[in-house]
Ligand SMILES: [Zn+2]
Ligand SMILES: [Zn+2]
Ligand SMILES: [Zn+2]
């Protein structure tokens, strides 16, 4: 048996046992075929490789990526996997859409939980204002949006009230039915 075959067999064995074929660690996220550590390493390497490219190559890379994206977009196929049709007006297919949604929500929840446990702002991880889940900046932002929403709701109520009055004047709102 050649080294290559033995290596391949080992990888297959690890894979079928739910372990990372590269390093043998447990894969916690079953959406992936490698473990988190190998994935992070891989991403770093890709980033480095990209960083080391010449400006010209970088431009080319970006251009190719954009062209591929546009081609898929026009063809009505998912821009991520390029295999399944786009889902409901999204640029991704249903399964890629769900996957990306789950991933970002999972990640957000994880980060938030981590910040919360450390008593840090759940948005940016800065020190929190006493007893709150946000830093002073985000607490203010939160309060501002809350005030905005309240204002909008009040305005809406106002319009509703006006409309109600109109319908009332025109015969009690049953529109003659
Ligand atoms: Zn691994
Ligand atoms: Zn897809
Ligand atoms: Zn913050």
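Numbering (the working numbering), first residue to last: 4 to 180. Beta carbons are placed, not taken as given, at the ideal position from N, Cα and C, and that holds for glycine.
In its chain, beyond the 5 residues on either side, no residue has a beta carbon closer than 6 Å to the beta carbon of residue 60. Runs of the alpha helix (DSSP H) lying entirely within the region 80–124 and spanning at least 4 residues, in chain order: 97–120.
With at least 16 other beta carbons inside 10 angstroms of its own, residue 99 counts as buried. Under the 10 Å beta carbon count, residue 89 is surrounded by 16 or more other beta carbons and is classified as buried. The beta carbon of residue 87 sits closer than 6 Å to at least one heavy atom of ligand 2. Per DSSP, residue 40 is one residue of the alpha helix (DSSP H) stretching across 39–54.
Only exposed fits residue 121, as fewer than 16 other CB atoms lie within 10 angstroms of its CB. With a threshold of 6 Å, the Cβ atom of residue 83 counts as near ligand 2, since some heavy atom of the ligand is closer than that.
Residue 25 has its Cβ nearer than 6 Å to a heavy atom of ligand 1. Per the coordinates, the alpha-carbon of residue 49 lies some 10 Å from the alpha-carbon of residue 43.
Rounded to whole angstroms, the separation of the alpha carbons of residue 142 and residue 150 is 12 Å.
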